[in-house]
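Residues 1237 to 1375 (the numbering used here) are what the sequence shown spells out, left to right.
For every residue, glycine included, the Cβ atom is placed at its ideal position computed from N, Cα and C.
Report on the structure given below.
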Amino acid sequence: MVELITLDKYLGLVPPHDPTLLSNAKDLLLKVNSLLQEIGITDVVMTSGYRSPEYNTAIGGAANSKHTTCQAVDLSDNDRIIGMRLYTFQDGLISRGLYCEDLDYCIKKNGSKWVHIQSVAPKSGNRFFIPYAGPPIRK
Ligand SMILES: [Zn+2]
């Protein structure tokens, strides 16, 4: 299997020591890397991996962000190739127990786009879910 996202890269400069978090990260990457391979993605830029609680707070991440538990990853997706392939191939998400944020919510004000994939179900249980109560951010 092509390891598009490595564990070292995902954990970053301040990796957690909690064995549960390390196990979560390995599980997430195994699933996400195999999914990306299945949908034909050969090159990817990770924009956010593991976040320590302190770092997550500093960047204004959600208080219960799955990035702090090694259960979420963000991938750059400016052309929306990854997002649209995942949207049309939801079986790949379903079979791996993966979930994505609704693509409309993964757009920065400057127009840059990403895909947020997580290995735990959101409250709604929706495969593509709305991450917060506010409206999508559009450029
Ligand atoms: Zn994310």
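Query	Result
Does DSSP put ILE1317 in a helix, in a strand, or in coil?	helix
Is the beta carbon of ASP1338 sitting closer than 8 Å to the one on ILE1366?	yes
Where does GLN1326 fall in DSSP's three states?	helix
With DSSP collapsed to three states, give me the class of TYR1286.	coil
With C-beta atoms as the reference, is CYS1306 less than 8 Å away from LEU1266?	no
Around ligand 1, what residues have a beta-carbon under 6 Å from a heavy atom of it, in chain order?	SER1284, HIS1303, ALA1308, ASP1310 and HIS1352
Measuring only the C-alpha atoms, how far is ILE1241 from PRO1371?	30 Å
Where does ALA1369 sit, in a helix, a strand or coil, going by DSSP?	coil
For a test of the three-state rule: what should DSSP assign to LEU1243, helix, strand or coil?	helix
Kindly list the residues whose CB is nearer than 8 Å to the CB of SER1301, restricted to its own chain and excluding five residues on each side of it in sequence; keep chain order.	ARG1287, ASN1292 and ALA1308
Looking at the unbroken alpha helix (DSSP H) that takes in VAL1280, where does it start and where does it end?	Element bounds for VAL1280: n/a, residue is neither H nor E.
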